[in-house]
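Heads up: the structure comes next, in C-alpha coordinates.
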Amino acid sequence: MKKNWILWSLLGCLLLALPACKKDEDEDGTAALRALLAQQDKQIVDYLNSRNIEPVHDDLKIYREVLKLDPNGEDIEEGDVILLHYKISLLDGTLIASTEGQDPVLVTYDPSRSYVPRTSLYRGLGYLNVGDRYRFYAPSPYAYATFTDGDKLPENSIIVMELEAVGVYHTLEEIHEVELATIANWIENENIETTELEGGLQKQVLQAGTGAQPVNGDSASVYYKGYYLSKEVFDQKLEGTTFTFKVGANAVVSGFDQAVKSMQVGEKARFILPSRLAYGRNGVFAFPQAYFEDFKKAGLILNSASPIPPFSILVFEIELVSKK
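Take a look at the structure:
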(Lines of atoms letter the chains of each structure in order from A and count residues from 1; the text may use other names and numbers.)
(Lines give C-alpha, C1' and ligand atoms only; values in the text may rest on other atoms or scores of the structure.)
Protein backbone atom coordinates (compact mmCIF):
# COMPACT_ATOMS: atom_id res chain seq x y z
CA MET A 1 0.00 0.00 0.00
CA LYS A 2 1.25 3.52 -0.82
CA LYS A 3 0.60 4.96 2.66
CA ASN A 4 1.97 4.01 6.08
CA TRP A 5 -0.71 3.01 8.53
CA ILE A 6 -0.93 4.32 12.08
CA LEU A 7 -1.87 1.60 14.53
CA TRP A 8 -4.79 3.48 15.96
CA SER A 9 -7.21 0.56 16.01
CA LEU A 10 -7.28 -1.04 19.44
CA LEU A 11 -9.39 -3.81 18.03
CA GLY A 12 -6.77 -4.60 15.45
CA CYS A 13 -4.09 -4.70 18.13
CA LEU A 14 -6.11 -7.13 20.21
CA LEU A 15 -6.65 -9.42 17.29
CA LEU A 16 -3.00 -9.49 16.28
CA ALA A 17 -1.67 -10.03 19.81
CA LEU A 18 -1.17 -13.43 21.33
CA PRO A 19 -3.56 -13.98 24.25
CA ALA A 20 -2.04 -14.47 27.69
CA CYS A 21 -4.24 -17.49 28.33
CA LYS A 22 -7.48 -19.12 27.25
CA LYS A 23 -9.28 -17.98 30.40
CA ASP A 24 -8.45 -14.33 29.72
CA GLU A 25 -9.66 -14.73 26.13
CA ASP A 26 -13.02 -16.05 27.28
CA GLU A 27 -13.44 -13.36 29.90
CA ASP A 28 -12.77 -10.40 27.60
CA GLY A 29 -14.60 -11.82 24.56
CA THR A 30 -11.47 -12.10 22.42
CA ALA A 31 -12.02 -15.80 21.70
CA ALA A 32 -15.55 -15.15 20.45
CA LEU A 33 -14.29 -12.26 18.34
CA ARG A 34 -11.56 -14.42 16.81
CA ALA A 35 -14.11 -17.10 16.01
CA LEU A 36 -16.43 -14.57 14.35
CA LEU A 37 -13.59 -13.15 12.29
CA ALA A 38 -12.46 -16.62 11.21
CA GLN A 39 -16.02 -17.52 10.19
CA GLN A 40 -16.52 -14.30 8.25
CA ASP A 41 -13.11 -14.55 6.64
CA LYS A 42 -14.10 -17.93 5.23
CA GLN A 43 -17.39 -16.48 3.97
CA ILE A 44 -15.59 -13.67 2.18
CA VAL A 45 -12.94 -15.96 0.66
CA ASP A 46 -15.59 -18.43 -0.52
CA TYR A 47 -17.57 -15.55 -2.04
CA LEU A 48 -14.52 -14.20 -3.86
CA ASN A 49 -13.41 -17.61 -5.09
CA SER A 50 -16.88 -18.35 -6.43
CA ARG A 51 -16.55 -15.24 -8.60
CA ASN A 52 -12.91 -15.83 -9.59
CA ILE A 53 -11.75 -12.75 -7.67
CA GLU A 54 -8.26 -12.97 -6.21
CA PRO A 55 -8.57 -12.73 -2.39
CA VAL A 56 -6.15 -9.90 -1.58
CA HIS A 57 -6.29 -8.45 1.93
CA ASP A 58 -4.51 -6.23 4.44
CA ASP A 59 -3.27 -7.21 7.90
CA LEU A 60 -6.83 -7.12 9.30
CA LYS A 61 -8.12 -9.27 6.45
CA ILE A 62 -10.19 -6.51 4.93
CA TYR A 63 -10.27 -7.71 1.32
CA ARG A 64 -10.01 -5.41 -1.67
CA GLU A 65 -10.76 -5.58 -5.37
CA VAL A 66 -9.51 -3.05 -7.91
CA LEU A 67 -12.33 -1.85 -10.14
CA LYS A 68 -10.54 1.04 -11.84
CA LEU A 69 -7.11 2.65 -11.60
CA ASP A 70 -6.24 6.01 -13.12
CA PRO A 71 -2.49 6.01 -13.83
CA ASN A 72 -2.59 9.81 -14.05
CA GLY A 73 -4.78 10.30 -10.99
CA GLU A 74 -3.83 13.04 -8.56
CA ASP A 75 -2.31 11.82 -5.31
CA ILE A 76 -4.38 11.94 -2.14
CA GLU A 77 -2.40 12.56 1.02
CA GLU A 78 -3.26 12.66 4.71
CA GLY A 79 -5.29 15.77 5.50
CA ASP A 80 -6.74 16.10 2.00
CA VAL A 81 -10.49 16.27 1.44
CA ILE A 82 -11.77 13.70 -1.04
CA LEU A 83 -14.80 14.08 -3.29
CA LEU A 84 -16.12 10.57 -2.85
CA HIS A 85 -18.80 8.39 -4.35
CA TYR A 86 -19.67 5.27 -2.37
CA LYS A 87 -21.93 2.25 -2.37
CA ILE A 88 -22.45 -0.05 0.61
CA SER A 89 -24.19 -3.39 0.36
CA LEU A 90 -24.23 -6.88 1.85
CA LEU A 91 -22.66 -9.99 0.34
CA ASP A 92 -26.08 -11.02 -0.98
CA GLY A 93 -26.36 -7.73 -2.88
CA THR A 94 -28.78 -5.96 -0.51
CA LEU A 95 -28.16 -2.22 -0.96
CA ILE A 96 -27.62 -0.25 2.25
CA ALA A 97 -26.65 3.15 0.85
CA SER A 98 -25.27 4.77 -2.30
CA THR A 99 -24.42 8.20 -3.71
CA GLU A 100 -25.45 7.14 -7.21
CA GLY A 101 -27.32 9.99 -8.88
CA GLN A 102 -26.18 12.40 -6.16
CA ASP A 103 -23.28 14.79 -5.66
CA PRO A 104 -20.15 13.21 -4.17
CA VAL A 105 -19.65 13.59 -0.43
CA LEU A 106 -16.65 15.36 1.06
CA VAL A 107 -14.50 13.19 3.32
CA THR A 108 -11.27 14.18 5.04
CA TYR A 109 -8.57 11.51 4.91
CA ASP A 110 -7.17 11.76 8.42
CA PRO A 111 -6.81 9.10 11.16
CA SER A 112 -7.89 11.60 13.81
CA ARG A 113 -11.32 12.06 12.22
CA SER A 114 -14.46 10.08 13.12
CA TYR A 115 -15.84 7.63 10.56
CA VAL A 116 -18.69 5.14 10.45
CA PRO A 117 -17.87 2.44 9.49
CA ARG A 118 -14.64 3.34 11.31
CA THR A 119 -11.81 0.96 10.37
CA SER A 120 -12.87 -0.22 6.92
CA LEU A 121 -13.74 3.25 5.64
CA TYR A 122 -10.53 4.90 6.79
CA ARG A 123 -8.37 2.07 5.47
CA GLY A 124 -10.27 2.07 2.19
CA LEU A 125 -9.61 5.77 1.65
CA GLY A 126 -5.90 5.09 1.97
CA TYR A 127 -5.80 3.16 -1.30
CA LEU A 128 -7.36 5.88 -3.43
CA ASN A 129 -5.92 8.37 -5.85
CA VAL A 130 -8.25 10.56 -7.89
CA GLY A 131 -9.97 8.46 -10.54
CA ASP A 132 -9.51 5.17 -8.66
CA ARG A 133 -12.38 2.90 -7.67
CA TYR A 134 -12.05 -0.03 -5.27
CA ARG A 135 -14.40 -2.56 -3.75
CA PHE A 136 -13.74 -3.65 -0.16
CA TYR A 137 -15.05 -6.65 1.76
CA ALA A 138 -15.02 -5.97 5.49
CA PRO A 139 -15.81 -8.34 8.39
CA SER A 140 -18.44 -6.93 10.74
CA PRO A 141 -16.03 -5.92 13.56
CA TYR A 142 -14.42 -3.51 11.08
CA ALA A 143 -17.76 -2.37 9.69
CA TYR A 144 -20.95 -1.81 11.72
CA ALA A 145 -20.28 -4.52 14.36
CA THR A 146 -23.56 -5.46 16.08
CA PHE A 147 -25.46 -2.43 14.77
CA THR A 148 -28.72 -3.19 12.95
CA ASP A 149 -31.25 -0.90 11.33
CA GLY A 150 -33.95 -3.47 12.03
CA ASP A 151 -34.49 -3.92 8.31
CA LYS A 152 -31.84 -4.29 5.62
CA LEU A 153 -28.75 -4.39 7.82
CA PRO A 154 -28.62 -7.31 10.30
CA GLU A 155 -26.25 -7.48 13.26
CA ASN A 156 -22.70 -8.67 12.51
CA SER A 157 -23.03 -8.05 8.79
CA ILE A 158 -20.12 -8.39 6.39
CA ILE A 159 -20.24 -5.32 4.18
CA VAL A 160 -19.20 -4.71 0.59
CA MET A 161 -18.09 -1.12 0.14
CA GLU A 162 -17.24 0.55 -3.17
CA LEU A 163 -15.27 3.79 -2.97
CA GLU A 164 -14.44 6.08 -5.89
CA ALA A 165 -12.42 9.29 -5.60
CA VAL A 166 -13.64 11.77 -8.22
CA GLY A 167 -11.65 14.75 -6.97
CA VAL A 168 -9.57 16.15 -4.13
CA TYR A 169 -9.11 19.44 -2.28
CA HIS A 170 -5.71 20.09 -0.75
CA THR A 171 -6.68 23.29 1.10
CA LEU A 172 -9.72 24.61 2.92
CA GLU A 173 -9.55 27.74 0.76
CA GLU A 174 -10.30 25.61 -2.31
CA ILE A 175 -13.42 24.30 -0.59
CA HIS A 176 -14.47 27.82 0.44
CA GLU A 177 -14.23 29.10 -3.13
CA VAL A 178 -16.36 26.21 -4.41
CA GLU A 179 -18.92 26.85 -1.65
CA LEU A 180 -19.19 30.53 -2.57
CA ALA A 181 -19.95 29.53 -6.17
CA THR A 182 -22.50 26.98 -4.96
CA ILE A 183 -24.19 29.60 -2.79
CA ALA A 184 -24.29 32.08 -5.70
CA ASN A 185 -25.97 29.47 -7.91
CA TRP A 186 -28.49 28.65 -5.16
CA ILE A 187 -29.37 32.33 -4.72
CA GLU A 188 -29.86 32.67 -8.47
CA ASN A 189 -32.07 29.58 -8.62
CA GLU A 190 -34.12 30.82 -5.67
CA ASN A 191 -34.52 34.18 -7.45
CA ILE A 192 -33.75 36.19 -4.30
CA GLU A 193 -31.69 39.30 -3.64
CA THR A 194 -29.05 39.19 -0.95
CA THR A 195 -26.32 41.36 0.49
CA GLU A 196 -22.89 39.82 1.05
CA LEU A 197 -21.42 40.36 4.51
CA GLU A 198 -17.95 39.56 5.79
CA GLY A 199 -16.63 36.05 5.11
CA GLY A 200 -19.11 35.29 2.36
CA LEU A 201 -22.20 35.41 4.59
CA GLN A 202 -25.27 36.23 2.48
CA LYS A 203 -28.27 38.09 3.93
CA GLN A 204 -31.82 38.50 2.64
CA VAL A 205 -34.06 40.82 4.66
CA LEU A 206 -37.56 39.33 4.97
CA GLN A 207 -39.03 41.92 7.34
CA ALA A 208 -37.43 45.19 8.41
CA GLY A 209 -36.84 45.85 12.11
CA THR A 210 -37.06 49.12 14.03
CA GLY A 211 -35.05 48.39 17.16
CA ALA A 212 -31.37 48.51 18.04
CA GLN A 213 -28.72 46.10 16.80
CA PRO A 214 -27.10 43.71 19.30
CA VAL A 215 -23.45 44.14 20.19
CA ASN A 216 -20.98 41.81 21.87
CA GLY A 217 -22.05 41.10 25.44
CA ASP A 218 -25.78 41.54 24.77
CA SER A 219 -28.27 38.72 25.30
CA ALA A 220 -30.18 38.18 22.06
CA SER A 221 -33.51 36.31 21.95
CA VAL A 222 -34.44 34.81 18.59
CA TYR A 223 -36.68 32.42 16.75
CA TYR A 224 -34.97 30.54 13.96
CA LYS A 225 -35.10 27.70 11.45
CA GLY A 226 -31.95 26.05 10.13
CA TYR A 227 -31.81 23.98 6.96
CA TYR A 228 -29.49 22.79 4.21
CA LEU A 229 -29.54 24.06 0.62
CA SER A 230 -31.76 21.04 -0.11
CA LYS A 231 -34.38 22.64 2.22
CA GLU A 232 -34.05 19.74 4.70
CA VAL A 233 -34.54 21.23 8.17
CA PHE A 234 -31.97 20.20 10.79
CA ASP A 235 -33.07 22.44 13.68
CA GLN A 236 -35.69 25.04 14.52
CA LYS A 237 -37.16 27.13 17.30
CA LEU A 238 -40.23 28.92 15.97
CA GLU A 239 -42.63 29.24 18.90
CA GLY A 240 -42.83 29.25 22.68
CA THR A 241 -39.75 30.28 24.61
CA THR A 242 -37.20 32.01 22.42
CA PHE A 243 -33.63 30.82 22.01
CA THR A 244 -31.44 33.23 23.99
CA PHE A 245 -27.67 33.45 23.79
CA LYS A 246 -24.88 35.88 24.65
CA VAL A 247 -23.63 37.66 21.55
CA GLY A 248 -19.90 37.42 20.85
CA ALA A 249 -19.30 34.70 23.44
CA ASN A 250 -18.84 31.71 21.07
CA ALA A 251 -22.22 30.37 22.18
CA VAL A 252 -23.24 29.71 18.56
CA VAL A 253 -21.40 29.19 15.28
CA SER A 254 -19.65 32.35 14.10
CA GLY A 255 -21.96 32.88 11.12
CA PHE A 256 -25.06 32.81 13.33
CA ASP A 257 -23.45 35.30 15.70
CA GLN A 258 -22.48 37.56 12.82
CA ALA A 259 -25.97 37.30 11.34
CA VAL A 260 -27.71 38.39 14.53
CA LYS A 261 -25.33 41.32 15.01
CA SER A 262 -26.36 42.58 11.55
CA MET A 263 -30.06 42.66 12.53
CA GLN A 264 -32.35 45.16 14.27
CA VAL A 265 -34.87 44.05 16.89
CA GLY A 266 -38.05 43.06 15.08
CA GLU A 267 -36.21 42.12 11.90
CA LYS A 268 -36.61 38.82 10.10
CA ALA A 269 -33.92 37.71 7.67
CA ARG A 270 -32.50 34.71 5.89
CA PHE A 271 -28.77 34.00 5.95
CA ILE A 272 -26.66 31.56 3.92
CA LEU A 273 -23.48 30.45 5.70
CA PRO A 274 -20.49 28.88 3.96
CA SER A 275 -19.22 26.02 6.09
CA ARG A 276 -16.26 27.97 7.50
CA LEU A 277 -18.83 30.23 9.24
CA ALA A 278 -20.74 27.17 10.48
CA TYR A 279 -19.25 23.82 11.55
CA GLY A 280 -16.47 23.71 8.95
CA ARG A 281 -14.60 20.42 8.81
CA ASN A 282 -15.95 19.32 12.21
CA GLY A 283 -18.36 16.43 12.47
CA VAL A 284 -18.61 12.72 11.79
CA PHE A 285 -18.31 11.13 8.36
CA ALA A 286 -21.24 8.73 8.73
CA PHE A 287 -22.17 6.39 5.89
CA PRO A 288 -25.08 6.58 5.44
CA GLN A 289 -25.83 9.96 7.02
CA ALA A 290 -29.50 8.97 7.36
CA TYR A 291 -28.47 6.50 10.10
CA PHE A 292 -26.70 9.15 12.17
CA GLU A 293 -29.05 9.17 15.16
CA ASP A 294 -29.28 5.37 15.14
CA PHE A 295 -25.48 5.14 15.08
CA LYS A 296 -25.40 7.47 18.06
CA LYS A 297 -27.91 5.37 20.02
CA ALA A 298 -25.85 2.27 19.26
CA GLY A 299 -22.67 3.89 20.58
CA LEU A 300 -20.90 4.12 17.22
CA ILE A 301 -20.96 7.93 17.53
CA LEU A 302 -20.46 10.05 20.65
CA ASN A 303 -23.64 11.51 22.13
CA SER A 304 -22.08 14.96 21.94
CA ALA A 305 -21.47 14.74 18.17
CA SER A 306 -23.33 17.14 15.89
CA PRO A 307 -25.57 15.54 13.25
CA ILE A 308 -24.54 18.17 10.71
CA PRO A 309 -22.08 16.69 8.20
CA PRO A 310 -18.66 18.30 7.77
CA PHE A 311 -18.43 21.04 5.12
CA SER A 312 -22.17 21.77 5.17
CA ILE A 313 -23.49 25.06 3.81
CA LEU A 314 -26.30 26.14 6.14
CA VAL A 315 -29.31 28.42 5.77
CA PHE A 316 -30.87 30.16 8.77
CA GLU A 317 -34.10 32.13 8.89
CA ILE A 318 -33.89 34.29 12.00
CA GLU A 319 -36.28 36.63 13.79
CA LEU A 320 -34.61 38.91 16.34
CA VAL A 321 -37.26 39.22 19.05
CA SER A 322 -35.33 41.23 21.64
CA LYS A 323 -31.93 42.10 22.99
CA LYS A 324 -30.75 43.34 26.35
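Numbered per mature numbering (1 follows the signal peptide of the UniProt record, and there is no 0), the sequence shown spans residues -22 to -1, 1 to 302. Even for Gly, the Cβ is constructed at its ideal location relative to N, Cα and C.
Report yes if the CB atom of A276 is closer than 9 Å to the CB atom of T124, and no otherwise.
yes
L62 - DSSP class collapsed to helix/strand/coil
strand
Residue 322 burial status per 10 Å Cβ neighbour count (16 or more: buried):
No answer is possible for residue 322: the residues shown for the chain start at -22 and end at 302.
Span of the alpha helix (DSSP H) around Q18:
T8 to S28
Whole-angstrom distance between T188 and V211, CA atom to CA atom
29 Å
Hey, would you say V146 sits closer than 9 Å to V183, going by beta carbons?
no
Does the segment 112 to 124 touch the segment 25 to 45, meaning 3 or more C-beta pairs lie closer than 8 Å?
yes
What number of angstroms, rounded off, separates the C-alpha of I180 from the C-alpha of L11?
Per the sequence shown, residue 180 should be read as Gln rather than Ile. Spanning the two alpha carbons is a distance of roughly 52 Å.
Would the segment 157 to 164 count as touching the segment 100 to 107 if we require 3 or more Cβ pairs under 8 Å?
no
Check whether the Cβ atoms of A268 and A75 sit closer than 9 Å, and answer yes or no.
yes
Beta carbon of L15: closer than 8 Å to some heavy atom of the ligand NAD?
The ligand NAD is absent from the structure shown, which contains no ligand whatsoever.
For P132 and Q21, the rounded distance between their alpha carbons:
16 Å
Burial state of G178, where buried means 16 or more other Cβ atoms lie within 10 Å
buried
On a CA-only basis, which of Y201, N281 and G71 is nearest K215? Give me that one, please.
Y201
Please list, in chain order, all residues of the same chain as E174 whose beta carbon is under 7 Å from its beta carbon, the five residues on each side excluded.
Q180
Please report how far the alpha carbon of S253 lies from the alpha carbon of W164, in whole angstroms.
15 Å
Secondary structure, alpha helix (DSSP H): runs of 4+ residues fully inside the segment 76 to 104:
96 to 103
The beta strand (DSSP E) with S300 in it runs from where to where?
L292 to K301
Measure from the alpha carbon of F234 to the alpha carbon of each residue in E295, F263, E32 and I153, then state which is nearest.
E295
Could you tell me which residues DSSP pairs with residue 307 in its beta bridges?
Look at the range of the chain in this structure, -22 to 302, and you will see that residue 307 is not part of it.
Give the straight-line distance between the Cα atoms of V293 and G204, rounded to the nearest whole angstrom.
6 Å
Looking at the unbroken alpha helix (DSSP H) that takes in E168, where does it start and where does it end?
L150 to E168
Using only alpha-carbon positions, find the residue among V238, A237 and Y206 that is nearest to S290.
Y206
Nonlocal neighbours in the same chain, by C-beta distance under 6 Å from E140, ignoring five residues either side
K65 and R113
Within the segment 257 to 284, ranges of the beta strand (DSSP E) (whole runs, at least 3 residues):
262 to 264
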